[in-house]
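Protein sequences appear in the order of chains V and R.
Mapping of the first sequence onto the working numbering: position 86 corresponds to residue 86, and the numbering continues sequentially without gaps.
Start counting at 1 in the second sequence, then tack on 113, and there's your number in the working numbering.
Below is one structure, written out as structure tokens; the observations come after it.
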Amino acid sequence: GAVVSQHPSWVICKSGTSVKIECRSLDFQATTMFWYRQFPKQSLMLMATSNEGSKATYEQGVEKDKFLINHASLTLSTLTVTSAHPEDSSFYICSAGTTYEQYFGPGTRLTVT
Amino acid sequence: GENVEQHPSTLSVQEGDSAVIKCTYSDSASNYFPWYKQELGKGPQLIIDIRSNVGEKKDQRIAVTLNKTAKHFSLHITETQPEDSAVYFCAASRTGGYQKVTFGTGTKLQVIP
Chain V
1 GAVVSQHPSW VICKSGTSVK IECRSLDFQA TTMFWYRQFP KQSLMLMATS
51 NEGSKATYEQ GVEKDKFLIN HASLTLSTLT VTSAHPEDSS FYICSAGTTY
101 EQYFGPGTRL TVT
Chain R
114 GENVEQHPST LSVQEGDSAV IKCTYSDSAS NYFPWYKQEL GKGPQLIIDI
164 RSNVGEKKDQ RIAVTLNKTA KHFSLHITET QPEDSAVYFC AASRTGGYQK
214 VTFGTGTKLQ VIP
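Below you can see the structure in the form of structure tokens.
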């Protein structure tokens, strides 16, 4: 149990376009989901906390207009990278929280050309 | 906010030897300390965790110790195997899957056959 999926697993897009990443909790409901970004050989950095039915809370330095987060249901949160640039290329990982712990997704590799 | 430091950044051990990774945290309100293993191109996988009311926890070859007074916690892997090779992250948060997790900087463990 407690499986989190992400789609797509990898995506290549052109500079200036937008890309949407989905995060789903497959066998449990998650009122809270988290989005992390991980650059090569670095740690996971929290971007934002997503609560079902309300606006996401962004960490300092994360542009909320560039990284749009929607948590429309208890099993789905989406991250849209708008007007992507090569510096947005990264590994994006979501997690879904239950009462006691978080479960992490497999990640999405975004490459912006 | 919470700050988690992790050492060493890289660690090479011979197969069968033990490996120890150490972390410190700054927020005295943190009371949940998970450890994650991340293989290349994958999301982090929880391998063991400890809560502040416990000083030590063991699961087969893996053990974690916590010194809440000193704000130190450590991961011990005994009888290392090549499949233990990965990047390991310590983390700290307040109790509950709805709390954001702060990750350490990571340790790349290489087990030499």
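Cβ atoms here follow ideal geometry from the backbone N, Cα and C, with glycine treated the same way.
Are R:Glu64 and R:Ala205 close, meaning C-beta to C-beta below 8 Å?
With chain R represented from 114 up to 226, any question about residue 64 of chain R goes unanswered, as that position is not in the structure.
Output, in chain order, the set of chain V residues within a Cβ distance shorter than 8 Å of R:Phe202.
One-based indexing of the second sequence puts residue 202 of chain R at position 89. Ser43, Leu44, listed in chain order.
Per-residue contacts from R:Lys213 into chain V (C-beta, under 8 Å):
In the second sequence, counting from the first residue as 1, residue 213 of chain R sits at position 100. Contact annotation for R:Lys213 against chain V: Phe34, Leu46, Thr49 [CB-CB distance below 8 Å, chain order].
Whether V:Ser95 touches V:Phe34 by CB criterion (8 Å)
On the first sequence, position 95 is the one that residue 95 of chain V refers to. On the first sequence, position 34 is the one that residue 34 of chain V refers to. Yes, Cβ-Cβ distance for V:Ser95 and V:Phe34 is below 8 Å.
Where does V:Pro86 sit, in a helix, a strand or coil, going by DSSP?
Here residue 86 of chain V refers to the residue found at position 86 when the first sequence is read from its first residue. Of the three classes helix, strand and coil, the one that applies to V:Pro86 here is helix, per DSSP.
Bridge partners - V:Ser25, DSSP secondary structure assignment
Indexing the first sequence from 1 puts residue 25 of chain V at position 25. Beta-bridge partners assigned by DSSP to V:Ser25: V:Val4.
For R:Thr218, decide whether its Cβ has a neighbour in chain V, counting only Cβ atoms nearer than 8 Å.
Looking up residue 218 of chain R in the second sequence gives position 105. By this cut-off, R:Thr218 is an interface position.
Let me check understanding here. Comparing Cα to Cα, which of V:Phe28, V:Ser18, V:Pro86 lies closest to V:Gly97?
Counting from 1 along the first sequence, the entry for residue 97 of chain V is found at position 97. Of V:Phe28, V:Ser18, V:Pro86, the residue nearest in Cα terms is V:Phe28.
Test: V:Gln29 CB closer than 8 Å to a CB of chain R
Within the first sequence, the letter at position 29 stands for residue 29 of chain V. No, its Cβ sits nowhere closer than 8 Å to a Cβ of chain R.
I need the DSSP call for R:Pro147, collapsed to helix, strand or coil.
Walking along the second sequence from the start, residue 147 of chain R turns up at place 34. Strand.
Nearest-angstrom Cα distance between V:Tyr100 and R:Asp162?
Counting from 1 along the first sequence, the entry for residue 100 of chain V is found at position 100. Counting from 1 along the second sequence, the entry for residue 162 of chain R is found at position 49. Cα to Cα, the separation comes out at about 11 Å.
Just checking, does the region 49–63 of chain V make contact with the region 71–81 of chain V on the three C-beta pairs under 8 Å criterion?
yes
Quick one: which residues of the region 74–107 of chain V get their C-beta closer than 9 Å to a C-beta of chain R? List them in chain order.
Phe91, Ile93, Cys94, Ser95, Ala96, Gly97, Thr98, Thr99, Tyr100, Glu101, Gln102, Tyr103, Phe104, Gly105, Pro106, Gly107
With H, G and I counted as helix, E and B as strand and the rest as coil, what does DSSP make of R:Asp263?
Absent from the model: residue 263 of chain R. The displayed extent of chain R is 114 to 226, so no value can be given.
Neighbour-count burial assignment, R:Ser198, 16 or more Cβ in a 10 Å radius:
What you label residue 198 of chain R is simply residue 85 of the second sequence in a count that begins at 1. By the Cβ neighbour-count rule, R:Ser198 is buried, with 16 or more other Cβ atoms within 10 Å of its own.
Which two residues bound the contiguous beta strand (DSSP E) that contains R:Asp172?
Translated into the one-based positions of the second sequence, residue 172 of chain R becomes position 59. Annotation: the continuous beta strand (DSSP E) that includes R:Asp172 extends over 169–172.
Rounded separation between R:Glu128 and V:Leu44 - CA only:
Here residue 128 of chain R corresponds to residue number 15 of the second sequence, with the count starting at 1. Here residue 44 of chain V corresponds to residue number 44 of the first sequence, with the count starting at 1. Cα to Cα, R:Glu128 sits roughly 28 Å from V:Leu44.
Starting from R:Lys155, find everything on chain A with Cβ-Cβ shorter than 7 Å and list it in chain order.
Checking the listed chains, one finds no chain A in this structure; the protein chains it contains are V and R.
Quick one, which residues of the region 156–170 of chain R are near chain V if we go by CB-CB under 8 Å, in chain order?
Gly156, Pro157, Gln158, Leu159, Asp162
Just checking my contact of V:Ser83 with V:Ser18 at CB under 8 Å: how many whole Å lie between their CB atoms?
One-based indexing of the first sequence puts residue 83 of chain V at position 83. One-based indexing of the first sequence puts residue 18 of chain V at position 18. Indeed, because the Cβ distance is near 7 Å, the residues count as touching under 8 Å.
Cβ of R:Gly210 within 8 Å of any chain V Cβ:
In the second sequence, counting from the first residue as 1, residue 210 of chain R sits at position 97. With 8 Å as the cut-off, R:Gly210 counts as an interface residue toward chain V.
Could you have a look at R:Asn180 and say whether DSSP puts it in helix, strand or coil?
Numbered from 1 along the second sequence, position 67 holds the residue referred to as residue 180 of chain R. Here R:Asn180 sits in strand by DSSP.
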